[in-house]
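Quick notes on the structure that follows.
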Amino acid sequence: MGSDEPDAVDLLGEALPHVVPERIVEVASEQAGCPVAAYVLDVEGLFALRLAGDGDRFPERFRAPVGVGPELIPEALPVLRRLVSDRVGPSTLWPLMVRDRIMGFLLARDPAARDLDALAMQAGLALELASGYTDVVHSVRRRKDMQPAAEIQQDLLPPRLAHVEDGDVAAGVLPGYDVGGDFFDYASNADGLWLVIADATGKGNSAAALSSLAIGALRAARRAGAGLQETARLTDEAIRGLETERYLTAVLASWDARRHRLRFINCGHPSPLIVRAGGHVEELDGERTYPLGIRFKERLFPTVSAELGPGDRLLLYSDGLTERQTSDGSRIGDDGLRGILAELGVVSAAMMVRGLQDAVLDASPEPLRDDATLLVLEPHD
22 MGSDEPDAVD
32 LLGEALPHVV
42 PERIVEVASE
52 QAGCPVAAYV
62 LDVEGLFALR
72 LAGDGDRFPE
82 RFRAPVGVGP
92 ELIPEALPVL
102 RRLVSDRVGP
112 STLWPLMVRD
122 RIMGFLLARD
132 PAARDLDALA
142 MQAGLALELA
152 SGYTDVVHSV
162 RRRKDMQPAA
172 EIQQDLLPPR
182 LAHVEDGDVA
192 AGVLPGYDVG
202 GDFFDYASNA
212 DGLWLVIADA
222 TGKGNSAAAL
232 SSLAIGALRA
242 ARRAGAGLQE
252 TARLTDEAIR
262 GLETERYLTA
272 VLASWDARRH
282 RLRFINCGHP
292 SPLIVRAGGH
302 VEELDGERTY
312 PLGIRFKERL
322 FPTVSAELGP
332 GDRLLLYSDG
342 LTERQTSDGS
352 RIGDDGLRGI
362 LAELGVVSAA
372 MMVRGLQDAV
382 LDASPEPLRD
392 DATLLVLEPH
402 D
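Residue numbers for the sequence shown, in the numbering used here: 22 to 402.
So, in structure tokens, the structure goes:
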């Protein structure tokens, strides 16, 4: 391959937002000296879907369970390359990077005259920015119709994979096309890393509406400088203001990387788990309170602390994981979850989420009846 650096290309300024993918493929093919296609993952991270490129030369889609949501797991790139090679034969693949996230990939089936790493970096950013102005990328990522509640849910969620101060975060929601009552959220701020996982009562649109209000209240309180207890109180007030009987279970947490301390409030949600560096699974139980939105004249939000250091993995999850029915009519349950974690062994946050999601999908051929939501924090040295 030639090593000459290509001239910088303005992929956004020279094209309307909805034709940016075609512009990327056009420039990539010109620089590589052969046809190139662009692919993204679907919202469940299970299929690679062609975003732009010659449909006669490149498949429309193929199974590639290498993502957490639509983001590729970096350490799964060798697996992706094998899957691509198995489907299309000898090929070259360039990840579409946005900071530390992989949003898709460029693919050439013929030997390329020039390496496209630099262009792929530009292309990833161009697609990310263009997606704020057009539905073209979002539409391709949906390999089947999405229910309104699930669409709301997808829009609420932050990036699935993130490097934060002294750690990595990975999170995901299944199914990606229906239900829509769960959410996760996180924010890396000067006062520590905020983590939230929540599950709204009900299904469909009503649950999605409750989740939308709750995540808005959580973020508003956090961005106004509130602490954990005040954030829980303000979110509780916002939900009670709906004048309905619906409520929200949640875990609100804050992690101080310098002190290796985790503080959390459990509002009627499954207890967090820590997979210790040696593999032991520890349940973080302790004083808890009722779900948010349940009416009391006065209520307290007790805070529990735990140590979370390098080599440990914090897992927050919704009961859609443990309540998932298996083929024999039973459920995964707490013991089943611990068994899955033991089988996964010591893996990254992203691979833990993908492994747990695969276990949920493989438990039964029946569709999921409830969201299975996961959030994993992996502290570093």
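Heads up, the beta-carbon is just placed ideally off N, CA and C, and yes, glycines get one too. Keep in mind it's a predicted model, so treat the numbers as computed, not measured.
Nearest to residue i by CA position, among the options, is which residue?
i: Asn287; options: Val158, Leu398, Thr324; result: Thr324
i: Val368; options: Gly299, Ala393, Gly34; result: Gly299
i: Leu335; options: Ala370, Gln250, Trp115; result: Ala370
i: Ala245; options: Ser326, Lys318, Asp355, Asp212; result: Asp212
i: Leu342; options: Glu258, Gly76, Ser385; result: Ser385
i: Ala230; options: Asp136, Gly34, Ile173, Phe79; result: Ile173
i: Leu337; options: Met372, Phe205, Leu382; result: Phe205
i: Val217; options: Val200, Pro179, Asp156, Leu362; result: Pro179
i: Thr265; options: Arg316, Phe83, Pro400; result: Arg316
i: Arg135; options: Gly88, Val185, Ala151, Val48; result: Val48
i: Ile248; options: Leu273, Ala97, Leu263, Leu234; result: Checking the sequence, you will find Gly at residue 248 rather than Ile. Selected option, being the one with the closest Cα: Leu273.
i: Lys318; options: Asp257, Leu101, Asp131, Val30; result: Asp257
i: Val235; options: Leu269, Val57, Gly225; result: The residue you asked about is not Val; residue 235 is Ala in the sequence shown. Of Leu269, Val57, Gly225, the residue nearest in Cα terms is Leu269.
i: Ala144; options: Arg130, Asp131, Phe126; result: Phe126
i: Asp277; options: Gly34, Leu72, Pro80, Asp187; result: Asp187
i: Val190; options: Leu177, Pro111, Ala208, Gly201; result: Ala208
Assuming residue i and residue j form a contact by the criterion Cβ under 8 Å, report the distance between their Cβ atoms to the nearest whole angstrom.
i: Ala133; j: Gly74; result: Their Cβ separation, rounded to whole angstroms, is 14 Å, which puts Ala133 and Gly74 out of contact at 8 Å.
i: Ile45; j: Leu32; result: 6 Å
i: Met118; j: Met142; result: 5 Å
i: Arg181; j: Gly76; result: That pair is no contact at about 28 Å.
i: Leu396; j: Ala192; result: 4 Å
Would residue i be called buried (16 or more neighbouring beta carbons within 10 Å of its own) or exposed?
i: Pro388; result: exposed
i: His290; result: buried
i: Tyr154; result: exposed
i: Phe285; result: buried
i: Leu321; result: exposed
i: Val158; result: buried
i: Asp402; result: exposed
i: Leu263; result: exposed
i: Val296; result: buried
i: Gly23; result: Here Gly23 scores only 44 on pLDDT, less than 50, and its place in the model should not be relied on; the value that follows carries that caveat. Label assigned to Gly23: exposed.
i: Pro86; result: buried
Just curious, the alpha helix (DSSP H) that residue i is in, first and last residue?
i: Val109; result: 98 to 109
i: Thr343; result: 340 to 343
i: Gly357; result: 354 to 365
i: Ala371; result: 370 to 383
i: Ser50; result: 41 to 53
i: Gly225; result: 225 to 244
Which of the three DSSP states is assigned to residue i in this structure?
i: Leu137; result: coil
i: Gln250; result: helix
i: Gln168; result: coil
i: Ala147; result: helix
i: Asp31; result: coil
i: Asp220; result: strand
i: Val397; result: strand
i: Leu178; result: coil
i: Gly23; result: Residue placement at Gly23 is flagged as unreliable, the pLDDT there being 44, under the threshold of 50; the coordinate-derived value follows with that caveat. In this structure, Gly23 counts as strand in the three-state DSSP scheme.
Kindly indicate the opening and closing residues of the beta strand (DSSP E) around residue i.
i: Thr113; result: 113 to 119
i: Arg320; result: From DSSP, Arg320 is part of no beta strand (DSSP E); its letter is neither H nor E.
i: Ala274; result: 269 to 277
i: Ile295; result: 294 to 296
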